[in-house]
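One structure is given below, encoded as structure tokens.
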Amino acid sequence: MSGWNFAETWEAIADAIPDAQALVHGDRRTTWSEFDARGDGVAAWLLDLGVAHQDKVVHYLYNCSEFLESMFGILKVGCVPVNTNYRYADEELLYLWDNADAVAVIFHGAFADRIETLRHKLPNIRGWLWVDDGSGPCPDWATSYDAVAASKPGRQRAPWGRDGDDIYMLYTGGTTGMPKGVMWRQDDIFFTLNAAAMGVRHPDEPDYDAVRKNVTAPGMVALPACPLMHGTGAFNSMNILMLAGSVITLEGRKFDVIELLDTVERDRI
270 MSGWNFAETW EAIADAIPDA QALVHGDRRT TWSEFDARGD GVAAWLLDLG VAHQDKVVHY
330 LYNCSEFLES MFGILKVGCV PVNTNYRYAD EELLYLWDNA DAVAVIFHGA FADRIETLRH
390 KLPNIRGWLW VDDGSGPCPD WATSYDAVAA SKPGRQRAPW GRDGDDIYML YTGGTTGMPK
450 GVMWRQDDIF FTLNAAAMGV RHPDEPDYDA VRKNVTAPGM VALPACPLMH GTGAFNSMNI
510 LMLAGSVITL EGRKFDVIEL LDTVERDRI
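Basically my numbering = 1-based index in the sequence shown + 269.
Shown next as structure tokens:
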């Protein structure tokens with residue numbers, strides 16, 4: 270194994286503190302055991318879809334627990350999460366998903382009508398996973414995220430395994446040109462985040478049994494107030510989770526300082 274892998278690390282933490290809080294979104298609280306199991310549901314769906322090693326899977330989501338659950342599932346099977354700016358117009362979405370060679374998209378229901386007009390132009394995308402947000406029913410061309418996440422297939426691992434060379438792809442914003450997919454080795458992200466970690470520090474070389482042994486209590490609680498589809502939100506969330514902490518996401522789809530401060534007070538962040 271060539272370096273640290275996030276899915277391996279998070280599974281070890283789930284083994285160590287299964288009943289501790291991992292995710293919070295509004296009134297919904299997800300334990301580490303549930304985080305792990307729901308990620309397995311997504312992973313099994315991807316394997317059933319016929320994904321290959323390092324295939325790209327798109328997030329087209331607002332901040333939510335499903336964003337991080339599905340990231341876990343994507344990483345479990347050695348696929349690559351791809352961020353999407355939910356403010357992009359049609360042509361930008363088509364460009365990004367084609368440029369990424371995406372094979373699946375996980376999306377909020379609010380985007381279903383837009384996807385309906387675009388999907389016939391994206392023949393390489395084989396699966397659409399619909400996250401219910403109360404905006405309407407699941408389209409007949411998509412699969413319900415909740416059904417997949419709740420399927421409890423057991424721990425999922427692809428035949429090709431996982432290692433630190435597996436990629437995490439972060440698309441740039443496209444401010445000065447078209448967005449570019451920046452490819453990070455997971456071990457490089459892990460090493461960078463670990464160097465700045467507060468509290469728990471992992472060794473330089475991967476040792477998942479040591480993670481299971483050393484993680485005896487939950488880590489810190491954090492609230493990424495920025496979108497998870499940006500690097501700041503994603504990397505900070507990955508950092509908190511690799512340190513056995515808990516990530517809280519806001520329900521509002523626009524920044525609301527009152528919601529932010531109320532959540533900070535409620536969850537003692």
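Where is the CB? At the ideal position from N, CA and C, for every residue including glycine.
Per DSSP, the unbroken alpha helix (DSSP H) holding S339 starts and ends at S334 to K345.
Under the three-state reduction of DSSP, V351 is assigned to strand. Cα atoms of S413 and D402: separation of roughly 11 Å, rounded to the nearest angstrom. Sequence-distant partners of F380 (beyond 5 residues in either direction) whose C-beta falls short of 8 Å from its own C-beta, in its chain, are Y329 and Y355. For H294, the three-state secondary structure derived from DSSP is strand. F376 has Y329 and W399 as its beta-bridge partners, per DSSP. Taking C-alpha positions only, H377 is separated from G396 by approximately 14 Å. Around the beta-carbon of D324, 16 or more other beta-carbon atoms lie within 10 Å, marking it buried.
DSSP places A358 in the coil class of the three-state scheme, outside both helix and strand. For V480, the enclosing alpha helix (DSSP H) covers residues Y477 to N483. Taking one beta carbon from each stretch, the region 293-310 and the region 495-506 have fewer than 3 pairs nearer than 8 Å; the two do not touch.
When rounded, the separation of the alpha-carbon atoms in L365 and L492 is 28 Å. Looking at the DSSP output, G450 shares a beta bridge with Y440.
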